[in-house]
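J.:
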C-alpha cells in the first residue's frame, strides 16, 4: 500500500497576524507560507506554520466565521490536533518557560500516551505526545 506522510490540521482563526505570532513566539513554529491577499487584494488571509515535521494551516475568513474548537462542542472531543513529540517532557518544559497556556499537564494518559495539551490563542487544543 502507498505510505502516507504528515497530516496538517486546518484551523479557522480570528486574527491571522496574532495567530502567526502565537505559533512563532510561543510554540516555536516557523511561518513557511503566507498568501491569499495578493499584491492588489490586500492583507494575506492564509498561512502555514511548521516545526520539524509538524504543519498547521491557518485561515482568517472574517468576523462572521469564528473558530470552533472541538472541546466547545463536546467535552469528550478535547483535541483539535495531535502532534507526535519524540520527547514530550522536554517540550513541556520549553512551553512552560514560554508561558504557553497549558490545557492539561504532562502525564501518562489513559490512552497510553505520555502527553500534554496546550490551548492556542483561538481556543484550539493541541495534544503533544508519544506512545508510552
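Residue numbers (the numbering used here): 1345 to 1476. Don't be surprised by glycine CBs; every beta carbon is placed ideally from N, CA and C.
Is residue 1412 close to chain B? Criterion is C-beta to C-beta, closer than 8 Å.
T.: The chain inventory of the structure shown lacks chain B, comprising one protein chain alone.
J.: Reducing DSSP to helix, strand and coil, say where residue 1359 ends up.
T.: Residue 1359 falls in the coil class under three-state DSSP.
J.: Could you pull out every residue in the same chain whose Cβ sits closer than 7 Å to the Cβ of residue 1387, ignoring the five residues on either side in sequence?
T.: Hits under 7 Å: 1381.
J.: Among the candidates 1465, 1352, 1351, whose CA atom is the shortest distance from the CA of residue 1413?
T.: Ranking the options by Cα distance to residue 1413, first place goes to 1465.
J.: Determine which residues share a DSSP beta bridge with residue 1345 and list them.
T.: According to DSSP, which records beta bridges pairwise, residue 1345 is partnered with nothing at all.
J.: What are the residues that DSSP puts in a beta bridge with residue 1453?
T.: Residue 1453 is not bridged to any residue.
J.: Go through its chain and collect everything with a Cβ distance to residue 1397's Cβ below 8 Å, but skip five positions before and after it.
T.: Answer for residue 1397: 1350, listed in chain order.
J.: Return yes when at least one heavy atom of the ligand GTP lies under 7 Å from the C-beta of residue 1362, else no.
T.: Annotation note on the ligand GTP: not contained in the displayed structure, which lists no ligands.
J.: Between residue 1377 and residue 1391, is the Cβ-Cβ spacing less than 8 Å?
T.: Taking 8 Å as the Cβ cut-off, residue 1377 and residue 1391 qualify as a contacting pair.
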